[in-house]
Amino acid sequence: MGTTRHLVALLLAAALMPSPVFAAGAPCYRGVNLSGGEYGERGAIYATNYIYPSEQTIRYFAEKGMSIIRLPFRWERLQPALGGRLDEDEFKRIKDTVGLIRKQGMAVLLDPHNFGYYDEAQVGTAPATDAAFADFWARLAVEFANQDGVLFGLMNEPHDIKATDWLDAANAAIRAIRAVGARNLILVPGTAWSGAHSWEEDVIGGANGTVMLGVRDPLDFYAYEVHQYLDVDSSGTHASCEGAAAAVEALAGVTSWLKRNHKRGFLGEFGGSADKDCMSGLTKIYAIMSGNSDVWLGWSYWAAGEWWPADEAFNVQPYKGTERPQMQLLAASAKADAGACTAVKTAGN
């Protein structure tokens, strides 16, 4: 524990030192999750049970300096039958939303927000076999292949699946994506909710930090996606941030792991309320990201979206024209020059 605290101190000290190198090396991707497309069950009615972000919302975050939107959606609605074609109406909604995001100059991270399941079938088990998962990604990837600013997030927060089994599924999807000629950046999560706090712990079927080193990408154009909240149990379900110090330590630990293994990472979800402990923790997280952009490609805050309750603690959707305190921190961090974008162009460019 003492070694970890020392590492945190070193990382924060380096991150907070005023220098031209720090400014030039700010993470490429700074953004938010725009939640809503993942709401409801597979038979949900659009604009009644679930929604994608409006152009007005997308423009707001672009004007605040965000450079990426993580876009959650539900696998079952996009592909109603495993092995079957993508649903035309749902795909058009996603494609149109991607177009709106790109129109505002932001990248978009496609996020099947399924937690490692298709309906009640865990990925890797029938009928949601590795082959079925790979088929889904082949069909989606070919639609967005090599489009500038479109990233592929394999899966949101797989859990209850052994790390070794998840690795097999992830590698199958990566092979399928590359087989259709898509050279887009791929973000690969681990199991156990892809938590930074447990990245090097054997939670189920091996530690992510050991097993997921087995990721194989013919183009070597991928990064690991981790999530980390600041509440007491890292769940993102509490407004208070008793776990802020532990969260900062966890991300410092993953930073060290990335450097040690010559890998890159992306913080796909993190968040906190406007509580002073949360705001302090968020500030330290931004410092770690910005001070280590050699390994961190960026971050996307959880969350915003038109249907989020106004009193939801983590919400950064503007309410009656009022900017949330957390959004002020996000915007301030986004002002730094994103010099690290040179490292994340489409493979082969």
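Numbering (the numbering used here), first residue to last: 1 to 349.
No residue lacks a Cβ here, since even glycine has one placed at the ideal position from N, Cα and C.
Every value quoted in this text rests on a predicted model; they were computed, and no experiment measured them.
Beta-carbon contacts of residue i that lie in its chain and below 7 angstroms, excluding the five residues immediately before and after
i, result
"residue 22", "Its pLDDT being 27, under 50, residue 22 is placed unreliably in this model, and the coordinates cannot settle the point."
"residue 62", "104, 105 and 106"
"residue 313", "239 and 273"
"residue 211", "163, 164 and 167"
"residue 225", "153, 187, 188, 189, 194, 266 and 268"
"residue 75", "112, 114, 118 and 136"
"residue 325", "274 and 279"
"residue 149", "102, 107 and 108"
"residue 281", "230, 241, 244, 247, 248 and 272"
Residue i - containing alpha helix (DSSP H), residue span
i, result
"residue 33", "Element bounds for residue 33: not the alpha helix (DSSP H) but the beta strand (DSSP E), 29-34."
"residue 407", "Since the displayed the chain opens at 1 and closes at 349, residue 407 lies outside it and no answer follows."
"residue 327", "325-334"
"residue 60", "55-63"
"residue 130", "130-144"
"residue 89", "88-103"
"residue 203", "Unbroken run through residue 203: none, as it is neither H nor E."
"residue 172", "163-179"
Proximity test, residue i beta-carbon vs the ligand FAD heavy atom, cut-off 6 angstroms
i, result
"residue 199", "Looking for the ligand FAD in the displayed structure turns up nothing, as the structure carries no ligands at all."
Residues bridged to residue i [DSSP beta-bridge criterion]
i, result
"residue 72", "111"
"residue 317", "Its beta-bridge partners do not exist; DSSP assigns none."
"residue 118", "121"
"residue 195", "227"
"residue 322", "319"
Beta strand (DSSP E) segment containing residue i, residue limits
i, result
"residue 152", "150-153"
"residue 186", "186-189"
"residue 301", "296-304"
Own chain residues within Cβ distance below 8 angstroms of residue i, not counting five before or after
i, result
"residue 138", "176, 177, 179 and 180"
"residue 49", "39, 40 and 41"
"residue 306", "36, 51, 53, 54, 57 and 317"
"residue 146", "181, 182, 183, 184 and 346"
Cβ shell of residue i (< 6 angstroms), same chain only, five flanking positions each side left out
i, result
"residue 9", "Unreliable positioning characterises residue 9 in this predicted model, as indicated by a pLDDT of 47, which lies under 50. The coordinate reading is nonetheless provided below. Counting only Cβ-Cβ distances below 6 angstroms, and skipping sequence neighbours, we find nothing."
"residue 205", "162, 163 and 164"
"residue 86", "78, 79 and 139"
"residue 58", "100, 101 and 104"
"residue 296", "27, 265 and 289"
"residue 169", "123, 124, 130 and 133"
"residue 277", "241 and 244"
Go through the segment 221-282 residue by residue and report every complete run of the alpha helix (DSSP H) that reaches 4 residues or more, in order. Annotation: the segment 221-282 contains the following complete segments of the alpha helix (DSSP H) (minimum length 4 residues), in chain order: 244-261.
How do the segment 104-111 and the segment 123-132 stand: do at least 3 beta-carbon pairs fall below 8 angstroms, yes or no? Between the segment 104-111 and the segment 123-132, the count of Cβ pairs shorter than 8 angstroms is below three; the stretches do not touch.
Taking contact to mean 3 or more Cβ pairs, one atom from each stretch, closer than 8 angstroms, check whether the segment 223-242 and the segment 261-275 are in contact. Three or more Cβ pairs drawn from the segment 223-242 and the segment 261-275 lie within less than 8 angstroms of each other, which places the two stretches in contact.
Would you say the segment 311-318 touches the segment 255-266, given that touching needs at least three Cβ pairs under 8 angstroms? Verdict: no, contact absent.
Does the count of Cβ pairs from the segment 243-254 and the segment 218-234 closer than 8 angstroms reach three? Segments in contact, yes.
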